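Working notes for the structure below.
Numbering (this note's numbering), first residue to last: 2 to 597.
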């Protein structure tokens with residue numbers, strides 16, 4: 002789809018803005034705790050918006066859009082599952098994850114399962130996170146190349162370097178600030194796109210009438226019959242999707258999203274914000290693909306990509322938005338991947354510095370490094386890891402087909418759920434030996450390998466005729482992995498050490514610590530809430546002014562009104578933040594007393 006020079010200026014202006022954010026927030030990082038978790042001084046709205054933005058990638062506007070294009074309202078289950086995960090965070094898991102009082106989740110694993118399990122997870126996470134980030138960047142490049150005509154290599158290099166510039170410079174503070182600004186643009190913009198889609202269709206009633214007129218009523222049911230879509234989007238699929246998201250959002254490897262928040266109470270607020278935003282997304286993100294199916298099917302199917310339906314969100318947005326805001330839709334798609342990439346990059350380097358480097362230095366008898374030196378090494382490693390991700394994504398782009406990319410994606414999926422199960426169960430069940438997590442992973446991985454690599458069922462006693470015709474569905478794979486992983490964890494309880502053992506005392510201490518509320522004044526010290534409000538509010542006003550300039554672009558009246566509404570929305574939020582930032586500054590002790 003043709004993109005005008007004005008849209009290129011919008012994209013360029015956005016990329017420059019978030020680079021500036023990184024340099025401005027550099028002064029917030031004086032040690033590794035600041036750099037990797039914001040010194041645990043992040044306010045609920047900042048941490049919550051960052052957690053929300055890092056919870057999805059460009060796949061939301063490509064792969065998930067393709068699902069919505071084909072099956073309609075079934076796509077809502079994906080985002081409702083995310084909202085469910087965040088809601089349980091709000092109920093109690095968010096405070097528990099924050100109250101682990103660590104910088105990386107392998108540190109938390111050490112407190113629950115011991116050093117051997119910690120080492121396994123630390124060495125596993127680094128290459129897998131690199132792989133996932135590279136695949137996300139490569140997938141973004143493919144989409145932008147096919148839909149907008151951009152050179153795939155340029156997309157990979159530019160987006161990768163921009164993430165590197167602000168992540169390496171400002172650390173976790175820059176990651177959270179840019180995520181907030183990206184969300185500040187993305188949420189109202191996608192709301193506007195959904196409204197324009199409904200307007201083009203003539204309202205909600207006409208939406209359902211069009212679906213019926215096109216003969217899509219059965220396909221667009223939230224729950225489909227097993228005869229459609231190869232058994233996907235059924236009750237079983239929906240149940241598996243909801244359960245999967247619950248586990249992903251509430252296990253120990255999800256804890257880093259709350260390490261930056263001030264205390265458990267603020268973690269709950271952050272989780273509630275994520276819940277509301279994700280529920281909102283579940284009701285508005287499926288509308289553009291459905292609109293594209295009803296109004297622009299020929300345009301969607303004209304794309305020469307393996308799944309043209311994945312271009313449906315972009316088609317609907319570009320067809321309905323005024324000149325100027327099209328560039329912001331490209332920005333939204335870019336930022337969705339960049340926000341998950343920057344969080345993963347920061348978390349990865351934290352594991353290298355906090356979990357792997359100390360043990361390697363002791364093994365090699367290196368002299369212990371001072372805090373400022375470790376901070377310097379963290380920035381260097383961020384650059385190194387980021388460049389590695391970009392190079393790997395470029396390597397995928399040169400393969401002329403799926404090949405190794407599909408293989409790595411399959412292996413990544415194969416390994417993700419098995420390692421997550423014990424990290425959830427371990428927070429509720431104490432009476433296990435130190436190797437419980439490793440046994441759980443082994444059992445789940447055995448079944449996962451069996452299902453993903455399509456091992457013939459005749460190997461375990463089924464007839465060859467049944468074995469040849471059987472294909473594992475997503476829900477069968479998921480519940481099989483969940484069942485075998487849970488079995489491995491529970492069976493280890495038979496070998497649990499005595500309550501008086503060293504291991505059990507360690508586990509009891511971990512659980513007690515996890516459930517003990519944080520005294521911010523004593524454990525962290527002074528906050529910088531007003532500085533966060535003021536700085537990010539100013540950047541929000543800069544975004545407002547930038548969008549307001551688009552009113553000068555020739556557009557129909559409706560287009561100008563759309564731009565004005567977006568500018569006023571972002572501007573109002575930014576002004577409220579600046580006003581709140583001028584409130585009398587309270588000491589940490591006074592803040593604690595006020596809460597009490």
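Beta carbons: idealized from backbone N, C-alpha and C, even for Gly.
Bear in mind that the values here come from a model prediction, so they are computed numbers and not experimental data.
- Spanning the alpha carbons of residue 13 and residue 312 requires a straight line of approximately 22 Å.
- By the Cβ criterion, the stretch 17 to 31 is in contact with the stretch 529 to 549, since at least three pairs of Cβ atoms, one from each stretch, lie closer than 8 Å.
- Fully enclosed alpha helix (DSSP H) runs of no fewer than 4 residues occupy 64 to 72, 77 to 89 and 95 to 99 of the stretch 60 to 102, in order along the chain.
- The residues 86, 89, 90, 94 and 425, in chain order, have a CB closer than 7 Å to that of residue 251 in the same chain once the five nearest residues on each side in sequence are set aside.
- In the DSSP annotation of this structure, the continuous segment of the alpha helix (DSSP H) that includes residue 133 starts and ends at 116 to 149.
- In this structure, the beta-carbon distance from residue 224 to residue 235 falls below 8 Å.
- Taken through DSSP and simplified to helix, strand or coil, residue 43 comes out as strand.
- For residue 338, same chain residues with a beta-carbon under 6 Å away, outside a window of 5 residues either side, are 58, 59, 137 and 141 in chain order.
- Taking 8 Å as the cut-off, the beta carbon of residue 113 is found closer than this to the beta carbon of residue 511.
- Between residue 101 and residue 418, the CB-CB gap reaches or exceeds 8 Å.
- Rounded to whole angstroms, the gap between the alpha carbons of residue 531 and residue 25 is 15 Å.
- Looking only at 330, 563, 362 and 441, the smallest Cα-Cα distance to residue 487 is reached by 441.
- At a Cβ-Cβ threshold of 8 Å, residue 435 and residue 117 count as neighbours.
- In the DSSP assignment, residue 531 falls within the unbroken alpha helix (DSSP H) covering 530 to 549.
- For the options 202, 255 and 326, the alpha carbon positioned closest to that of residue 289 is the one of 202.
- DSSP places residue 262 in the strand class (E or B) of the three-state scheme.
- Contact between residue 422 and residue 490 holds, since their C-beta atoms are separated by about 7 Å, short of 8 Å.
- By the Cβ-count criterion, residue 526 is exposed, with fewer than 16 other Cβ atoms from all chains shown falling within 10 Å of its own Cβ.
- Annotation: the continuous alpha helix (DSSP H) that includes residue 452 extends over 437 to 453.
- Scanning the stretch 310 to 375 from its first residue to its last, the whole alpha helix (DSSP H) runs of 4-plus residues come out as 313 to 321, 326 to 352 and 358 to 364.
- The C-beta separation of residue 276 from residue 84 comes to about 5 Å, placing the pair in contact by the 8 Å criterion.
- Counting C-beta atoms within 10 angstroms of its own C-beta, residue 372 has fewer than 16 neighbours from the protein chains shown and is therefore classed as exposed.
- Of all alpha-carbon atoms in 218, 163, 285 and 282, the one lying nearest the alpha-carbon of residue 384 is that of 163.
- Residues of the same chain with a CB within less than 7 Å of the CB of residue 329, apart from the 5 flanking positions on each side, are 11, 186 and 190 in chain order.
- The Cβ atoms of residue 285 and residue 123 lie no closer than 8 Å to each other.
- Looking at 63, 107 and 219, the one whose alpha-carbon comes closest to that of residue 354 is 107.
- Counting only the Cα atoms, residue 513 lies some 18 Å from residue 499.
- Annotated three-state conformation of residue 219 is coil, per DSSP.
- Annotation: residue 235 is outside any alpha helix (DSSP H) and is labelled neither H nor E by DSSP.
- Counted as a single uninterrupted DSSP element, the alpha helix (DSSP H) harbouring residue 178 occupies residues 153 to 202.
- At a Cβ-Cβ threshold of 8 Å, residue 43 and residue 261 count as neighbours.
- In this structure, residue 393 places its C-beta atom within 8 Å of the C-beta atom of residue 131.
- For the pair residue 70 and residue 347, the Cα-to-Cα distance works out to about 34 Å.
- The three-state reading of DSSP puts residue 229 in coil, since its state is none of H, G, I, E or B.
- For the set 30, 271 and 127, the Cα lying nearest the Cα of residue 254 is the one of 127.
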